Amino acid sequence: MSGRCFALSLLHFSPINSLSYDLLRRLSVACSRSPSRLQYHVSDLLGPKLRSIRCWYALFLSDGIVNDKPEQKEKRTKWPPEVRQFVQAYVDDHPTFYIEELRDSISIQFPLLRTISTSTICRALNFDLNLSRKVLSKAAREAVPAEIRIYEKKLLPLYSYAEQLIFLDETSKDGRHAYRRYAWSPRNTKAIVRLPFRRGKRLSILAALDVSGFIAWEWTEETFTKGKFHEAFLKHVIPLLNPWPLPRSIVVMDNAKIHVYPELQAAVHACGARLIFLPPYCSQLNPIEQGFGFLKRWIQRHANLVFPLYPELVLDVAMNKCTQRERESFFGSFQHCGYNSFSLRDEVFEGLIDSCKKHE
Numbered sequence: 001m002s003g004r005c006f007a008l009s010l011l012h013f014s015p016i017n018s019l020s021y022d023l024l025r026r027l028s029v030a031c032s033r034s035p036s037r038l039q040y041h042v043s044d045l046l047g048p049k050l051r052s053i054r055c056w057y058a059l060f061l062s063d064g065i066v067n068d069k070p071e072q073k074e075k076r077t078k079w080p081p082e083v084r085q086f087v088q089a090y091v092d093d094h095p096t097f098y099i100e101e102l103r104d105s106i107s108i109q110f111p112l113l114r115t116i117s118t119s120t121i122c123r124a125l126n127f128d129l130n131l132s133r134k135v136l137s138k139a140a141r142e143a144v145p146a147e148i149r150i151y152e153k154k155l156l157p158l159y160s161y162a163e164q165l166i167f168l169d170e171t172s173k174d175g176r177h178a179y180r181r182y183a184w185s186p187r188n189t190k191a192i193v194r195l196p197f198r199r200g201k202r203l204s205i206l207a208a209l210d211v212s213g214f215i216a217w218e219w220t221e222e223t224f225t226k227g228k229f230h231e232a233f234l235k236h237v238i239p240l241l242n243p244w245p246l247p248r249s250i251v252v253m254d255n256a257k258i259h260v261y262p263e264l265q266a267a268v269h270a271c272g273a274r275l276i277f278l279p280p281y282c283s284q285l286n287p288i289e290q291g292f293g294f295l296k297r298w299i300q301r302h303a304n305l306v307f308p309l310y311p312e313l314v315l316d317v318a319m320n321k322c323t324q325r326e327r328e329s330f331f332g333s334f335q336h337c338g339y340n341s342f343s344l345r346d347e348v349f350e351g352l353i354d355s356c357k358k359h360e
């Protein structure tokens, strides 16, 4: 039996969550000995990012090893199980806590526990509970679990692969979005750079995104109205649509007022495509939000001084270059938002629903 066949057969009998990190890397390398397009499916099956799988496979080809990390000593704490359970419950209820707040709560709940130093608490969070501190993804309190269920049920019978989806949304950019936030300076001194405080010309941007990146866009110096949106949609998006279930056959956008009108649905259905609206206040299900983040970072890196002066010229270049540079990242954004190669990721939808229920 080949290594790839053995790996796939093992996956059939072993849940992904039960696999060790070393075995996960070995399975990824074994399954990656295939055309590049199939590596996307390996990422769907096993969970690691596509870039990680390719790095592991490159390491295997160059050095003949899979795991380059030396074995580490056990770093778990000696806390009793009831303390770990209390900390886990505290994290679930207060995910934005400071270490000092958690330490005070532990000392009140377990006054006889002596090992509650900052280093011990961090070790418990990292190794006992397998938690990490990361940038906060904000979820709106107004999001309704029932609306998320309805969206998933509408999309499920139509969805066969990620290439079917086209996401649309608007954003705005001005000169302030191009400025870099960090600078180098001598220790104990402020980093000061002389920059104009005027924001410059403001552009409203309507963009369409698929798994390959930005595929269409239009900008205006004013705000998009229903008329301007419809004109831009007919000009830039309609020519890209195909009859369902072909690629680019499902249009997804939020339910803003300028998006909900009969003429838009008629134009989409005339192409044989489908139109679905996202649940209210659920930008986590729209990968174009991350795409706008890629666009902002490209402008900050490559055109931070030019964009305030010539935003229209920079925008066209930035859209193309950002798509070329971040092609794999765009596919990862789709996965992150719940859209795998051949199926929807139930854990993304369930996690969003659970988050909404906690704040009801």
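Each residue of the sequence shown is one higher than the one before, starting from 1 at the first, in UniProt numbering. Glycine included, every Cβ here is placed at the ideal spot set by N, Cα and C. Note that this is a predicted model, so its numbers are computed, not measured.
#1: Distance check for residue 110 and residue 57, CA to CA, integer angstroms please.
#2: May I ask which residues mark the beginning and end of the alpha helix (DSSP H) holding residue 147?
#3: Are the segment 217 to 227 and the segment 325 to 332 touching, with three or more C-beta to C-beta distances below 8 angstroms?
#4: With residue 287 and residue 209 assumed to form a contact (beta carbons below 8 angstroms), what rounded beta-carbon distance in angstroms separates them?
#5: What did DSSP end up calling residue 348 once you bin it into helix, strand or coil?
#6: In chain order, what residues of the same chain have a beta carbon less than 7 angstroms from the beta carbon of residue 293, not counting five sequence neighbours either side?
#7: Nearest to residue 314 by alpha carbon, out of 174, 145 and 84?
#8: Using beta-carbon positions only, say whether residue 162 and residue 341 come within less than 7 angstroms of one another.
#9: If we call anything under 7 angstroms between Cβ atoms a contact, is residue 206 one with residue 170?
#10: Quick check on this structure: which residue in 55, 249, 190 and 326 has the alpha carbon closest to the alpha carbon of residue 166?
#11: Say whether the segment 253 to 269 touches the segment 177 to 187, bearing in mind that this needs 3 or more beta-carbon pairs closer than 8 angstroms, one atom from each stretch.
#12: Taking the alpha carbon of residue 235 as the reference point, which residue from 146, 215 and 221 has its own alpha carbon closest?
#13: Could you tell me which of 121, 93 and 219 sits nearest to residue 104, measuring between CA atoms?
#14: Please look up how many angstroms separate the CB atoms of residue 337 and residue 295, rounded, as I've assumed it's under 8 angstroms.
#15: Measure the beta-carbon distance from residue 106 to residue 116 and round it to whole angstroms, keeping in mind my assumption that it falls under 8 angstroms.
#16: Note the first and the last residue of the continuous alpha helix (DSSP H) segment covering residue 181.
So, to answer that:
#1: If you draw a straight line from the Cα of residue 57 to the Cα of residue 110, it comes to about 47 angstroms.
#2: Unbroken alpha helix (DSSP H) run through residue 147: 145 to 155.
#3: Flag = no, the segment 217 to 227 and the segment 325 to 332 do not touch.
#4: With a Cβ gap of about 7 angstroms, residue 287 and residue 209 count as contacting.
#5: DSSP places residue 348 in helix when its eight states are reduced to three.
#6: Around residue 293: no qualifying Cβ.
#7: Nearest Cα to residue 314 within the set 174, 145 and 84: 174.
#8: Against a cut-off of 7 angstroms, the Cβ pair of residue 341 and residue 162 comes out as a contact.
#9: Judged by their CB atoms, residue 206 and residue 170 are nearer to each other than the 7 angstroms cut-off.
#10: It is 249 whose Cα lies nearest to the Cα of residue 166.
#11: No, the segment 253 to 269 is not in contact with the segment 177 to 187.
#12: With distances taken between Cα atoms, residue 235 lies closest to 215.
#13: With distances taken between CA atoms, residue 104 lies nearest to 121 out of 121, 93 and 219.
#14: Rounded to the nearest angstrom, the Cβ distance from residue 337 to residue 295 is 17 angstroms, too far for a contact under 8 angstroms.
#15: Rounded, the Cβ-Cβ distance is 5 angstroms, consistent with contact.
#16: Careful: residue 181 lies outside any alpha helix (DSSP H) and carries neither H nor E.
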